[in-house]
Structure formats: structure tokens, C-alpha cells
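With my numbering, you'll find the sequence shown wraps up at 437, consecutive numbering, no jumps. Note that beta-carbon positions come from the ideal geometry of N, C-alpha and C, so glycine has one too. A quick note: this is a predicted structure, and the numbers were derived from the prediction, not measured.
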Amino acid sequence: MKTKILKINSQKIEPSKIKKAAAVIKKGGLVAFPTETVYGLGADAFNPQAVAKIFAVKKRPLNDPLIVHIAEKKDIFKVAKEVNKIAYRLIEKFWPGPLTLVLEKSSLLPEIVTTGLDTVGLRMPSHPVALSLIREAKTPLAAPSANLFGKPSPTTARHVWEDLKDKIDLILDAGKTEIGLESTILDLTRRPFSLLRLGGISLEELRKIIPEVKLCKGEKVVSPGMFRCHYSPRAKVMVVEEGKHQIEKVKELAHKFSRKGKKIGIMVKEEDKSKYEKFRIKVLGKGDDFATCAGNLFSLLREFDNEGVDLIIVEGIREKGLGRAIMERLRKAQGI
Ligand code: AMP
Ligand code: MG
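Written out as C-alpha cells, the structure is:
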């Protein structure tokens with residue numbers, strides 16, 4: 102199969118392009134499309150054969166459930182059975198946006214979407230291209246990130262192309278995604294409500310609505326897809342936590358592994374970029390500008406890989422707001 106790429110302007114969406122993409126979905130094909138978080142790989146959530154193709158092309162394990170995307174609040178009940186009060190408050194505040202809610206699943210939704218679970222992850226993206234596509238396809242889209250399983254999520258159409266070219270029908274290319282990290286996932290089916298994944302909505306923002314929300318850290322992994330080593334580039338990743346002597350520690354590691362003949366890449370904060378003259382560095386962003394850091398993270402991991410780096414040493418950032426989600430991704434890339 103030859104993958105087509107259609108460039109699309111989010112500010113001035115050409116209906117003919119959306120119609121083409123929706124026709125692919127209606128025929129049971131796969132379309133990669135931009136969301137405000139990362140690029141998604143969409144199929145008609147009510148077509149089990151189409152959904153099966155998502156698992157096949159991504160090489161995604163069959164116990165890693167997919168998130169369902171809708172464009173209208175009223176479509177919640179096509180996919181979920183019950184929506185409690187707290188869900189309504191969160192939806193009111195954060196949708197459309199990067200918050201996925203895990204709810205009881207409707208019996209009409211094919212089992213393959215949720216890999217047999219009786220719950221479903223559901224969200225309404227805010228990206229105008231995503232919303233137009235879902236509306237035109239007239240069906241909720243099952244859509245995980247449009248990358249090969251385990252690779253950093255795609256924040257550009259090029260990343261999708263690198264991973265999935267000629268395995269999917271179409272890529273809608275609307276440029277770099279705004280947030281660059283996946284959605285935050287909150288499980289509302291068990292108490293205490295727990296955060297299964299940190300992402301575009303921070304813990305602090307959620308706590309304003311549900312003060313008792315728990316981070317799953319250290320507990321048994323409840324979300325089947327939360328495998329270690331997710332988001333890994335090919336290169337090994339080592340993170341040096343923020344704090345005293347961070348630069349010295351990074352340099353020490355860089356020297357040690359250079360001496361062993363390894364090709365080293367260093368991901369640094371803007372304010373430290375002049376401290377590493379001899380090394381191959383890439384700038385994540387100012388240490389306190391979490392939005393910029395989030396937007397660059399996955400791209401930089403991929404760039405280092407494309408340059409054949411063996412080891413990426415990363416200057417860690419502060420664990421606050423989006424910074425917490427960034428550090429979570431980096432730890433997973435380290436395999437911790
Ligand atoms: P992705 O869309 O590739 O970023 O990944 C979707 C992730 O959402 C999965 O890996 C799971 O961790 C999580 N997820 C989706 N549906 C459920 C569910 N019903 N219960 C728990 N976690 C879910
Ligand atoms: Mg993914």
C-alpha cells in the first residue's frame with residue numbers, strides 16, 4: 102500500500118481533504134491525523150477489522166487498549182455506559198482537550214478496542230482537524246499514537262512517515278502538534294480516582310477539581326499499556342536529576358562513555374547550552390518553560406536516534422506542572 106500525505110491548514114481546513122480522509126475511515130482504512138497532543142492513528146471504533154489493523158501496523162500488544170476519540174459530548178453514550186457527576190465536571194472543564202477519562206464501556210463498542218476490558222478510555226481532542234475528521238466520518242475513532250509500539254510518540258507527520266510509511270492509507274499533515282505529550286489519563290471507575298498517565302493536563306490542574314486524585318506511582322500497574330520502556334528511542338537514555346552539580350555529573354557520564362567508544366548526545370536546558378562545548382548537544386528549552394520542553398522532547402529523542410547516537414544523557418528538569426509528565430516520559434525511556 103502506498104501512504105498518501107495530505108497537507109492541511111488547521112486555520113483554513115479544506116472540506117475536500119477531510120472528506121477524502123473520512124472516506125478512508127468509512128471504508129475501514131487507517132488515517133493518521135493531528136491532535137493537540139501527538140499524531141493519532143485513527144480507525145472506525147465500530148469496525149473491528151479496521152481496529153485490528155491498528156494493532157498490526159503499530160506492532161502493538163493485544164492487551165494495550167486504545168483511546169476512543171469523539172467530537173460531540175452527546176457521543177459519549179455511544180461508547181460509555183455511565184457518566185458520573187465528577188466526570189461531567191471534568192468534561193465541562195477540560196474537554197475538548199488532553200484529558201482521557203476511563204469509564205464503564207458500552208456493550209456496543211467492539212471488545213478489541215478495549216482489549217477485552219469492561220472500561221474504555223475516552224476523550225474529545227481540541228485540534229480542529231481531528232474534530233472535523235471525526236464529525237465527517239460520523240463515528241468515534243479508536244486512535245492510539247501513530248508510531249511503532251515503544252517508539253517516542255509522533256509530533257510531526259514526518260515522524261509518522263518514518264514509522265508507518267506504506268502501512269497506512271493516509272496522513273493528514275498539519276505541522277507540529279501543539280503540546281507534544283500524550284493526554285493525561287484518569288480512571289474514574291475505581292476509588293480513589295487514579296491517574297494512569299500524566300500528560301497534557303497537569304496534576305495541579307486536576308487537583309483543583311478533584312483534590313483527592315492519586316498518582317499511581319509505586320502501585321501495581323493498572324493500565325495494561327503502561328509498559329516499561331515505552332517511549333524509548335533506540336539509543337540508551339540516562340537522566341541526571343536536577344540539582345546541585347547537575348552539569349558536572351552529566352559531563353562525567355559523557356566522558357566515561359565516550360572513553361568506552363560510545364557516541365554520546367546530550368539533551369540540555371537552554372541556560373546550560375554553553376557549558377558543553379565539545380559535545381553533541383540539543384536544547385530542550387528553558388528549564389522552567391515546560392510547554393517548550395514538552396513540545397521538543399519526542400522530536401529530539403528521534404533526532405538523536407537518526408544521528409546514530411548510542412547514549413542520550415539528559416539534564417532533568419523540575420517535577421512540577423508539565424515538568425512532571427516530561428520526567429515521567431524520560432524515566433520510561435530509561436526503562437525505570
Ligand atoms: P496511546 O493512545 O498509544 O497513547 O495509549 C493509550 C493508553 O491508554 C494505553 O496504553 C493504556 O495505558 C491507556 N488506556 C486506554 N484505555 C484504557 C482503559 N480502558 N483502562 C486503562 N487504561 C486505558
Ligand atoms: Mg502510544
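*For Ile269 and Ala133, believed in contact at Cβ under 8 Å, the rounded distance*: 6 Å
*asked:* Under DSSP, the beta strand (DSSP E) around Ala144 begins and ends at which residues?
replied: 140–145 is the extent of the beta strand (DSSP E) around Ala144.
*asked:* Is Ile168 close to ligand 1? I mean its beta-carbon at under 6 Å from any heavy atom of the ligand.
replied: yes
*Going by DSSP, what residues sit across from Ile272 in a beta bridge?*
In the DSSP output, where bridge partners are listed per residue, Ile272 has Ile106, Ala133.
*Should Met428 be labelled buried (16 or more other beta-carbon atoms within 10 Å of its own) or exposed?*
buried
*Use the C-beta contact count for Ala123: other C-beta atoms within 10 angstroms, 16 or more gives buried, fewer gives exposed.*
When all chains shown are included, Ala123 counts as buried.
*Taking the continuous alpha helix (DSSP H) assigned at Asp519, which residues delimit it?*
Any answer about residue 519 is impossible in this case: the structure gives the chain only from 102 up to 437.
*Just how far apart, CA to CA, sit Thr257 and Thr138?*
11 Å
*Whole angstroms is fine: what's the gap from Thr136's alpha carbon to Ser246's?*
10 Å
*Report buried or exposed for Glu416, applying the criterion of at least 16 other Cβ atoms within 10 angstroms of its Cβ.*
buried
*Can you tell me where the alpha helix (DSSP H) with His356 in it begins and where it stops?*
Residues 347–360.
*asked:* Please state whether the Cβ-Cβ distance between Phe195 and Ile311 is less than 7 Å.
replied: no
*How many angstroms separate the CA atom of Lys376 from the CA atom of Leu107?*
42 Å
_Exercise answer, beta-carbon shell around ligand 2 heavy atoms below 7 Å_ = Working through the chain, the matches are Pro245, Ser246, Asn248, Ser254, Glu283.
*Counting only the same chain and skipping the five closest in sequence on each side, list residues whose C-beta sits under 7 Å from that of Ile348.*
The beta carbon of Ile348 sits closer than 7 Å to the beta carbons of Asp373, Lys376 from its chain, once the five residues preceding and following it are set aside; these are given in chain order.
*So is the beta-carbon of Leu210 under 6 Å away from any non-hydrogen atom of ligand 1?*
In this structure, ligand 1 has no non-hydrogen atom nearer than 6 Å to the beta-carbon of Leu210.
*Looking only at DSSP bridge pairs, what is Val340 linked to?*
Val415
*Spatially closest choice to Glu212 from Glu408, Ala181, Ile187, Arg236, by CA coordinates*: Scanning Glu408, Ala181, Ile187, Arg236 for the CA closest to the CA of Glu212 turns up Ala181.
*Can you name, in chain order, every residue of its own chain whose Cβ lies under 8 Å from the Cβ of Lys105, other than the five neighbours on each side?*
Asp270, Leu271, Ile272
*Alpha carbon to alpha carbon, how far is Ala157 from Glu408?*
28 Å
*Could you check what DSSP says for Thr393 in three-state terms: helix, strand or coil?*
helix
*asked:* Here's the rule I'm using: 16 or more other beta-carbon atoms within 10 Å means buried, otherwise exposed. How should Cys330 be labelled?
replied: Its pLDDT being 44, under 50, Cys330 is placed unreliably by the model, and nothing is read from it.
*Who are the near neighbours of Gly366 in its chain, counting only those whose CB is closer than 6 Å to its CB and skipping five residues on each side?*
Arg381, Phe405, Val410, Ile413
*Is the beta carbon of Asp264 within less than 6 Å of some heavy atom of ligand 1?*
Outside the cutoff, so no.
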